[in-house]
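As you go down the protein sequences, you meet chains H and E in turn.
The first sequence begins at 0 in numbering that gives the first Met the number 0 and counts up by one.
The second sequence begins at 0 in numbering that gives the first Met the number 0 and counts up by one.
Structure first, commentary second.
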Amino acid sequence: MTTVATRSATEMSRPARRFGIGRILLTLLTLIAAAIWFLPIYWAIVTSLRSDADTVREFTLLPSSPTISGYIYGITNSQLPVWYLNSTITSVVITVVAVLVSAMTGYAISQLRFPGRNLLWWTILASFMIPVPALIVNHFVIIADVKLLNTHAGIILPMLLTPVTVIVYKGFFDGLPREYREAAVMDGANPYQLFYRVFLPMNWGVTTAMAIITFIGAWNSFLWPFLVAQNVQMMTVAVGITTVQDAFGVAYGRVLAGAVMASLPVALAYLLFQRRVTQAIALSAGIKG
Amino acid sequence: MASVELQSITKRYGSVEVIRGLNLSVDDGSFTALLGPSGCGKSTLLRMIAGLEEVSDGRALIGGVDVTHEQPAKRRVAMVFQSYALYPHLTVAQNICFSLSLAGVAKSIQKEKGGRVAKLLQLEPLMDRRPAELSGGQRQRVAIGRALVRDPEVFLFDEPLSNLDALLRVQMRLELAKLHNDLGTTMIYVTHDQVEAMTLADKIVVLDGGVISQMGSPLDLYNHPANRFVASFIGSPGMNFLAATVAHAADGLQATFDGGASLRLTPRAAPHFDGTQKVEIGIRPEHVTLSDPGAGQIDGVATVFEQLGNTSYVYVDTALGQIIVETDQSVRLHPGDRLGLTLDPSRAHVFEASGKAWAEQRPQ
Ligand SMILES: Nc1ncnc2c1ncn2[C@@H]1O[C@H](COP(=O)(O)OP(=O)(O)O)[C@@H](O)[C@H]1O
Ligand SMILES: [Mg+2]
């Protein structure tokens with residue numbers, strides 16, 4: 000075991016030695032693709048750091064006189080900090096609750112035997128077939144009826160329905176050999192311990208992946224928060240940022256500064272969890288080992 | 000430590016009866032093997048003792064207490080699974096102490112108990128590893144450790160060695176035997192490998208289609224199989240079976256093989272029958288000796304000659320089918336050699352058409 004680990008470590012630290020022509024071409028191609036992908040992002044960041052006068056005048060890769068006035072303006076002259084807070088609250092709550100509830104539902108359907116289990120499963124499968132926009136009017140009417148318009152709860156509640164996550168969890172729990180459950184039962188685990196101490200942590204990889212996807216989806220969601228949060232104090236970043244354009248007129252620096260700030264958490268989530276995701280995949284692979 | 004007793008235990012899946020009214024008592028401190036071919040219901044039986052499978056009918060007692068409807072964790076039994084089922088997200092130490100941790104046992108006590116088990120199983124250097132970083136044999140030991148830490152009254156093993164390579168299997172077999180010697184805990188061991196059962200157990204229970212075919216000590220089963228199934232299942236290479244007709248003769252029976260050769264049998268007791276009866280004569284490879292062609296009861300041609308060093312096996316083609324003969328290592332043979340075979344009548348077994356064995360032969 001140790002020898003294998005050392006060997007792979009030295010292999011990784013050793014620089015690649017072979018530079019075949021195919022390898023060079025492939026690297027070039029990858030670089031070009033990455034550049035094409037990265038250019039708009041780069042341009043948005045660079046433009047957000049220019050004064051508007053510079054933006055229309057110069058066409059350079061780096062701003063000649065960089066300024067963060069667009070950012071300062073966005074933070075001080077719009078409700079951006081409030082929107083940030085709203086987005087953070089709603090996205091975090093949606094992520095935690097939706098993933099936990101989905102995991103529990105998937106666990107129950109996969110591992111427990113209770114009357115109505117199949118009906119529940121088919122209902123979830125069926126709800127997965129219905130596109131969310133088809134329900135949005137119903138959701139709106141219901142949320143209006145229970146007087147939750149312009150509240151965090153109003154934004155959060157309909158977004159907790161994530162049948163896909165339930166389906167993923169059920170599939171995963173189904174795929175686990177029954178011996179894990181039985182070993183834990185013999186070890187004296189009660190139903191809650193079975194879920195929280197065996198099944199959930201054993202599938203940490205799935206949970207991480209589901210949490211990241213749910214968080215990014217919640218942060219970026221537009222249509223529903225746009226309908227529910229009409230009050231500027233309740234808007235999320237994605238909704239609020241569209242009002243900035245009207246408020247600022249054509250002001251490239253400020254708009255793009257707003258856009259950069261809006262997408263920052265999502266970009267950070269990707270970057271931060273990149274390692275976790277790889278780790279997570281390695282862990283789920285370990286389940287079979 | 001505790002005894003285990005099953006009374007008319009039955010297990011049905013739907014309308015299929017997998018275990019049929021089985022009675023079994025396992026003595027306190029014994030090492031009992033449940034032996035049988037795949038699908039005969041060994042795991043089901045073990046899982047009913049563990050409480051992982053509902054009992055359809057009958058009662059299960061552990062240490063004299065009826066546990067038929069008791070929770071698995073409350074039965075004071077521990078199980079080692081074939082796949083080990085180690086929790087992949089926990090370290091070796093956490094795996095071993097998982098049951099203690101679930102029960103809310105203090106960390107210091109966990110550490111002490113885990114440490115003791117680790118020492119016994121030589122797992123100390125591995126305590127911080129995860130199961131994915133262990134070899135098959137090490138995983139096996141962790142699985143045993145996880146069972147051990149609970150101080151169970153009864154250990155249940157479900158084919159624990161079948162995922163290991165041959166060399167490791169022999170080594171782990173030894174360690175299990177030592178463990179049983181050290182602990183003296185009742186152990187019930189499921190296997191389809193008769194060598195494992197013969198070497199480890201002090202009592203073997205042979206299962207066939209959900210019923211007990213025979214139980215007894217390893218040598219009992221080897222020397223006195225109660226039926227053709229046990230006779231063929233135990234011993235490697237297996238017993239030779241030769242079709243024959245028997246008739247009563249003075250002081251015993253006369254068995255006539257299909258080719259005309261005959262054997263004089265002297266059973267302690269033979270059932271009464273008129274005229275002749277079709278039977279099978281069973282004889283183990285070590286109870287057949289080689290002679291010159293024509294000098295034995297049966298003639299044949301050697302087809303394969305296996306030399307194991309300490310002993311050799313000759314596969315002989317005869318008019319009655321293939322007969323395996325064990326010879327000592329000094330014998331040299333070549334495929335195609337013509338041979339005569341002499342069967343030791345005092346070691347012959349007689350099985351009637353139903354498979355039931357007649358009483359053994361009187362020593363001559
Ligand atoms: N959950 C189940 N549902 C239906 N049949 C089962 C189930 N588990 C086992 N069986 C059947 O019971 C028989 C005995 O199985 P098992 O105890 O696993 O055999 P063994 O361990 O001796 O190989 C098999 O024929 C198997 O198909
Ligand atoms: Mg089995």
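Just so it is clear, CB atoms sit at the ideal spot from N, CA and C, and this is done for glycine as well.
query: Can you tell me the Cα-Cα spacing of H:Ile67 and H:Asn230, whole angstroms?; result: 28 Å
query: Within the continuous alpha helix (DSSP H) that includes E:Arg115, where are the two ends?; result: Lys106 to Leu119
query: Flag E:His88 as yes if its beta-carbon sits less than 7 Å from any beta-carbon of chain H, otherwise no.; result: yes
query: Give the C-beta separation of E:Thr341 and E:Thr288 to the nearest angstrom, bearing in mind that I take them to be a contact with Cβ-Cβ under 8 Å.; result: 5 Å
query: Any residues whose CB sits closer than 6 Å to a heavy atom of ligand 1? List them in chain order?; result: E:Tyr12, E:Val17, E:Gly35, E:Ser37, E:Gly38, E:Cys39, E:Gly40, E:Lys41, E:Ser42 and E:Thr43
query: Given that H:Met201 touches chain E, what residues does it touch there, using C-beta distances under 7 Å?; result: Tyr86, Pro87 and His88
query: Please confirm if H:Gly252 has its CB atom under 7 Å from at least one CB of chain E.; result: no
query: I'd like to know whether the C-beta atoms of H:Pro162 and H:Ser126 end up nearer to each other than 7 Å.; result: yes
query: Compute the distance between the beta-carbons of E:Ala246 and E:Ile297, then report whether it is under 7 Å.; result: no
query: Against chain E, with Cβ distances strictly below 7 Å, would H:Val91 count as a contact?; result: no
query: Hey, does H:Ala208 have any beta-carbon neighbour from chain E nearer than 7 Å?; result: no
query: I need the straight-line Cα distance from H:Leu147 to H:Tyr106, nearest angstrom please.; result: 31 Å
query: Could you run through the stretch 161-176 of chain H and flag, in chain order, every residue whose CB is less than 8 Å away from some CB of chain E?; result: Pro176
query: Our contact map puts E:Val210 next to E:Leu220 with C-beta atoms below 8 Å; I'd like the distance itself, whole angstroms only.; result: Incorrect: roughly 16 Å between the Cβ atoms, too far for contact.
query: Which first and last residues belong to the alpha helix (DSSP H) in which E:Leu178 is found?; result: Ala165 to Leu182
query: With DSSP collapsed to three states, give me the class of E:Gln253.; result: strand
query: Taking only the alpha-carbon atoms, compute the straight-line gap between E:Ala318 and E:Arg267 and give it to the nearest angstrom.; result: 29 Å
query: Mapping the DSSP letters down to three states, classify E:Tyr314 as helix, strand or coil.; result: strand
query: Can you give me the start and stop residues for the beta strand (DSSP E) that E:Leu76 sits inside?; result: According to the sequence as given, residue 76 of chain E is Val; it is not Leu. Element bounds for E:Val76: Val76 to Val79.
query: Return the CA-CA distance between H:Ile71 and H:Leu30, expressed in angstroms with no decimal places.; result: 34 Å
query: So the alpha helix (DSSP H) E:Ala243 belongs to, where does it begin and stop?; result: Unbroken run through E:Ala243 is the beta strand (DSSP E), Asn239 to Ala248; no alpha helix (DSSP H).
query: Can you have a look at H:Gln78 and say buried or exposed, based on whether 16 or more other CB atoms are within 10 angstroms of its CB?; result: buried
query: Just to confirm the assignment, what range does the beta strand (DSSP E) spanning E:Asp343 have?; result: Per DSSP, E:Asp343 belongs to no beta strand (DSSP E) and is neither H nor E.
query: Let's test the definition: count the other Cβ atoms within 10 Å of the Cβ of E:Ala358 and tell me whether it reaches 16, buried, or not, exposed.; result: exposed
query: The alpha helix (DSSP H) with H:Gly153 in it runs from where to where?; result: His151 to Ile155
query: What do you reckon, are the CB atoms on E:Pro270 and E:Ala301 nearer than 7 Å?; result: no
query: Let me know the alpha helix (DSSP H) ranges lying completely inside the stretch 213-266 of chain H, each 4 residues or longer, listed in chain order.; result: 222-227 and 236-247
query: Whose C-alpha, out of H:Ser101, H:Ile123 and H:Thr75, is nearest the C-alpha of H:Ala256?; result: H:Thr75
query: Apply the 10 Å Cβ neighbour rule to E:Val205 and answer buried if 16 or more other Cβ atoms are within range, or exposed otherwise.; result: buried
query: Leaving aside the five residues before and after E:Leu51 along the sequence, list all residues of the same chain whose C-beta is less than 7 Å from its C-beta, in chain order.; result: Pro71
query: In its own chain, which residues sit with a C-beta less than 8 Å from the C-beta of H:Val197, not counting the 5 before and 5 after it?; result: Tyr179, Arg180, Ala183 and Ala188
query: Run down chain H in chain order and give the residues with a C-beta less than 7 Å from the C-beta of E:Pro71.; result: Val184 and Met185
query: Measuring only the C-alpha atoms, how far is H:Leu134 from H:Asn202?; result: 31 Å
query: Taking all protein chains shown into account, do 16 or more other C-beta atoms lie within 10 angstroms of the C-beta of H:Phe58, making it buried, or fewer, making it exposed?; result: exposed
query: I'd like to know if E:Ala1 contacts chain H, where contact means its C-beta is closer than 7 Å to some C-beta of that chain.; result: no
query: What do you reckon, are the CB atoms on H:Val236 and H:Ser90 nearer than 7 Å?; result: no
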